[in-house]
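The structure appears below as structure tokens.
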Amino acid sequence: MTNAQMLAHPPQERDFSLVYAEVQQFYAHQMQLFDSFEAEPWAGTFTENAVFDVPTLPAPVRGRAELAANVRRNRELQAKTGEQLRHWLGMLDVQRQANGTLRTRCYALVYMTPRGGESRVHRVCVMEDDLVLCRGRWRVSHRLVTRDDLA
Amino acid sequence: MTNAQMLAHPPQERDFSLVYAEVQQFYAHQMQLFDSFEAEPWAGTFTENAVFDVPTLPAPVRGRAELAANVRRNRELQAKTGEQLRHWLGMLDVQRQANGTLRTRCYALVYMTPRGGESRVHRVCVMEDDLVLCRGRWRVSHRLVTRDDLA
Amino acid sequence: MTNAQMLAHPPQERDFSLVYAEVQQFYAHQMQLFDSFEAEPWAGTFTENAVFDVPTLPAPVRGRAELAANVRRNRELQAKTGEQLRHWLGMLDVQRQANGTLRTRCYALVYMTPRGGESRVHRVCVMEDDLVLCRGRWRVSHRLVTRDDLA
Chain E
38 MTNAQMLAHP PQERDFSLVY AEVQQFYAHQ MQLFDSFEAE PWAGTFTENA
88 VFDVPTLPAP VRGRAELAAN VRRNRELQAK TGEQLRHWLG MLDVQRQANG
138 TLRTRCYALV YMTPRGGESR VHRVCVMEDD LVLCRGRWRV SHRLVTRDDL
188 A
Chain G
38 MTNAQMLAHP PQERDFSLVY AEVQQFYAHQ MQLFDSFEAE PWAGTFTENA
88 VFDVPTLPAP VRGRAELAAN VRRNRELQAK TGEQLRHWLG MLDVQRQANG
138 TLRTRCYALV YMTPRGGESR VHRVCVMEDD LVLCRGRWRV SHRLVTRDDL
188 A
Chain V
38 MTNAQMLAHP PQERDFSLVY AEVQQFYAHQ MQLFDSFEAE PWAGTFTENA
88 VFDVPTLPAP VRGRAELAAN VRRNRELQAK TGEQLRHWLG MLDVQRQANG
138 TLRTRCYALV YMTPRGGESR VHRVCVMEDD LVLCRGRWRV SHRLVTRDDL
188 A
């Protein structure tokens, strides 16, 4: 991220209220893209070399091409099972870092609904992100998700 | 909605942080009114001719009188079953429109707790609203709810 | 709370967007401290003589020493059962009072995950707080939690 890519309002001058609202909006949009299998738009919410470290994958993935491929695999899986997943975040703690990036820690829930069946809680997780401001938009540069059942 | 009904701060001049906080506060209040069976105050969070299109009703309802009647039916049902419902929204995506209205898309969960029994997830839904600013307050002019289990 | 302990920006002059973001951030941090058994930091999010009235305790507790002791008991219990609890808040209604304090009412969910087992909804509650601004930070002076299953 170069200076030229930064907004007129650099991160350090943003009000906390603006940063907190932007991050909530960012995550809402990002999770809806994920659950709708919008592979490329979702991958675009990460930086180009982002690291995505989640317990459902055998190893951390890096970069947008791998991220998008992961969403396409999810779409194929969903087409077979008919199970709709919904990813929710909550209890969002946003800590501004001296270099203008954000460190976030929040809870992540996954709800699952079989077609014609009963919805249920599928996973309870903790998500820790590094966010950077790229051309006026927040992007995830590093994500670590841990599952409560495997803790 | 006439110009005379608009706030000194019209929607276009509001900061995103203010709009996002207002909408969150609006929904929190609206859902609490609904779960407490406050029929008229809840209906008052919609515009006079609002359309409310949800899968639990046989057809979309229009206008505050029908909306309030729906809440009174819910209250009677709850008195019989003793089941307490709680409606939660999350992953709130707020998109400002050129005409000053808002288009929102979020997830909606319904939790159900029988008296003396175990709480559980009852429904997982997606909610899409049009919001307009009337005399300084956001109001729903159109709501569409879809259920994951019926998708 | 003396005037000297107040921020340069007293509560009445704060924008609603700032107050709403601060309260969300406050609760996110507070709930994460609670679920991580950080006894003293969590107790420090209450005022010195705060009253904490929750249905899982036989009587309301008062003050930070008792609050911290309660968290240490939770930690011991969790070490035995291996069950991870996560406390979530949602539908946060924030009402500013004339004296600069806040009155909040929100829903509170508790998710429980046994080690190696299936996550589930454990409790659905309503939480009502009084918040005061102490040396620039929000603190809970009174908390009342009610459980839907006992209502």
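Residue numbers (our numbering), protein chains in the order written: chain E, 38 to 188; chain G, 38 to 188; chain V, 38 to 188. We treat Cβ as the ideally placed atom computed from N, Cα and C, and that holds for glycine.
So what does DSSP say about residue i, is it helix, strand or coil?
{"i": "G/Val-60", "result": "helix"}
{"i": "G/Thr-39", "result": "Unreliable positioning characterises G/Thr-39 in this predicted model, as indicated by a pLDDT of 34, which lies under 50. A coordinate reading is not provided."}
{"i": "E/Glu-75", "result": "coil"}
{"i": "E/Leu-238", "result": "Residue 238 of chain E is absent from the structure shown; chain E starts at 38 and stops at 188."}
{"i": "E/Gln-132", "result": "strand"}
{"i": "V/Val-169", "result": "strand"}
{"i": "V/Val-108", "result": "helix"}
{"i": "E/Glu-85", "result": "strand"}
{"i": "G/Leu-94", "result": "coil"}
{"i": "G/Ser-178", "result": "strand"}
{"i": "E/Arg-101", "result": "helix"}
{"i": "V/Asp-186", "result": "helix"}
At the 8 Å Cβ level, is residue i part of the contact set with chain E, yes or no?
{"i": "V/Ala-145", "result": "no"}
{"i": "G/Val-161", "result": "yes"}
{"i": "G/Ala-188", "result": "yes"}
{"i": "G/Trp-175", "result": "no"}
I'd like to know whether the C-beta of residue i is nearer than 8 Å to at least one C-beta of chain V.
{"i": "E/Asp-206", "result": "Absent from the model: residue 206 of chain E. The displayed extent of chain E is 38 to 188, so no value can be given."}
{"i": "E/Val-182", "result": "no"}
{"i": "G/Gly-154", "result": "yes"}
{"i": "E/Ala-87", "result": "no"}
{"i": "E/Arg-110", "result": "no"}
{"i": "E/Asp-90", "result": "no"}
Does residue i come within less than 8 Å of chain G when only Cβ atoms are used?
{"i": "E/Thr-150", "result": "yes"}
{"i": "V/Arg-142", "result": "yes"}
Mark residue i as exposed unless 16 or more other C-beta atoms lie within 10 angstroms of its C-beta, in which case mark it buried.
{"i": "G/Arg-101", "result": "buried"}
{"i": "V/Arg-176", "result": "buried"}
{"i": "G/Glu-59", "result": "buried"}
{"i": "V/Ser-54", "result": "buried"}
{"i": "G/Gln-134", "result": "exposed"}
{"i": "V/Thr-150", "result": "buried"}
{"i": "E/Leu-114", "result": "exposed"}
{"i": "G/Arg-112", "result": "exposed"}
{"i": "G/Arg-109", "result": "exposed"}
{"i": "E/Gln-132", "result": "exposed"}
{"i": "G/Arg-160", "result": "buried"}
{"i": "E/Leu-70", "result": "buried"}
{"i": "G/Leu-94", "result": "exposed"}
{"i": "E/Ala-65", "result": "buried"}
{"i": "V/Ala-45", "result": "Note that V/Ala-45 scores a pLDDT of 46, beneath 50, so its modelled location is shaky and nothing firm can be said."}
Can you pull the chain B neighbours of residue i, defined as C-beta to C-beta under 7 Å?
{"i": "E/Arg-157", "result": "Among the chains of the structure shown, chain B does not appear; the protein chains present are E, G and V."}
Assess contact between the stretch 136 to 144 of chain E and the stretch 111 to 120 of chain E, defined as three or more Cβ pairs (one per stretch) separated by less than 8 Å. Is contact present? no
Using 8 Å as the Cβ pair cut-off and three pairs as the minimum, do the stretch 178 to 187 of chain G and the stretch 150 to 159 of chain E touch? yes
Per the contact definition of three or more C-beta pairs closer than 8 Å, is the stretch 89 to 96 of chain V in contact with the stretch 163 to 182 of chain V? yes
What residues from the stretch 45 to 77 of chain E come within 8 Å of chain G, judged by C-beta to C-beta, listed N to C? Asp-52, Ser-54, Leu-55, Tyr-57, Ala-58, Glu-59, Gln-61, Gln-62, Tyr-64, Ala-65, His-66, Met-68, Gln-69
Closer than 7 Å, Cβ to Cβ, to anything on chain E: give me those residues from the stretch 116 to 136 of chain G, in chain order. Gly-127, Met-128, Leu-129, Asp-130, Val-131
Does the stretch 96 to 115 of chain E come close enough to the stretch 69 to 83 of chain E to have 3 or more Cβ pairs within less than 8 Å? yes
Would the stretch 69 to 80 of chain E count as touching the stretch 161 to 177 of chain E if we require 3 or more Cβ pairs under 8 Å? no
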